[in-house]
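Note that our numbering gives residue 157 to position 88 of the sequence shown, counting from 1, and the numbers run on in steps of one. Yeah, the Cβ is synthetic: ideal placement off N, Cα and C, and Gly gets one too. For reference, the structure is listed below as structure tokens.
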Amino acid sequence: MMIHSYCDLIVWQKSSDLVEAVYELVSHFPQSELYELSAQMRRSAVSIPSNIAEGRRKKTRKDYCNFLQIAYGSGGELEAQIILAKRLPFGRNLDYSKVDDLLNQVMRMLNKMLCSLRQPAKSNKPIS
70 MMIHSYCDLI VWQKSSDLVE AVYELVSHFP QSELYELSAQ MRRSAVSIPS NIAEGRRKKT
130 RKDYCNFLQI AYGSGGELEA QIILAKRLPF GRNLDYSKVD DLLNQVMRML NKMLCSLRQP
190 AKSNKPIS
């Protein structure tokens with residue numbers, strides 16, 4: 070299958086699903102967290118598909134890898150923020166299963182993409 074747009078990438082689709090799941094999760098946080106942990110979690114989540122998209126639009130493999138690495142880093146941030154939320158009183162009884170599952174899938178895909186793209190190019194074909 071030829072990839073025509075970042076929207077065709079499963080990792081972008083899954084990371085967009087993750088954004089929705091994070092927004093749904095943090096909607097159950099108390100109002101006092103609106104500009105604190107919940108805002109940070111939303112920013113980290115949004116950063117993942119945003120950097121995948123930006124990297125896909127770049128012309129070189131090196132640039133693409135750089136933006137995928139940033140997306141992967143944002144996933145790490147989100148992972149840490151979820152762990153913190155689970156430890157806090159307001160977050161202990163929430164259902165994290167969807168967010169945890171999507172984040173795990175996205176991180177695995179990004180890791181695999183990064184490993185694959187770091188291999189020497191076999192031809193001069195554009196990234197597809």
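Item: CB contact check: residue 135 to chain C, cutoff 8 Å; Value: No chain C appears in the structure shown, which is made up of a single protein chain.
Item: Residue of 73, 155 and 182 minimising C-alpha distance to residue 208; Value: Residue 208 lies beyond the range of the chain shown here (70 to 197); nothing can be said about it.
Item: Residue 118: first and last residue of the uninterrupted alpha helix (DSSP H) it sits in; Value: 106-126
Item: Whole-angstrom distance between residue 152 and residue 114, CA atom to CA atom; Value: 14 Å
Item: When 77, 83 and 78 are compared against residue 167, the one with the closest alpha-carbon; Value: 83
Item: Beta-carbon spacing of residue 75, residue 140 below 8 Å; Value: no
Item: Within 8 Å, strictly: CB atoms of residue 97 and residue 172; Value: no
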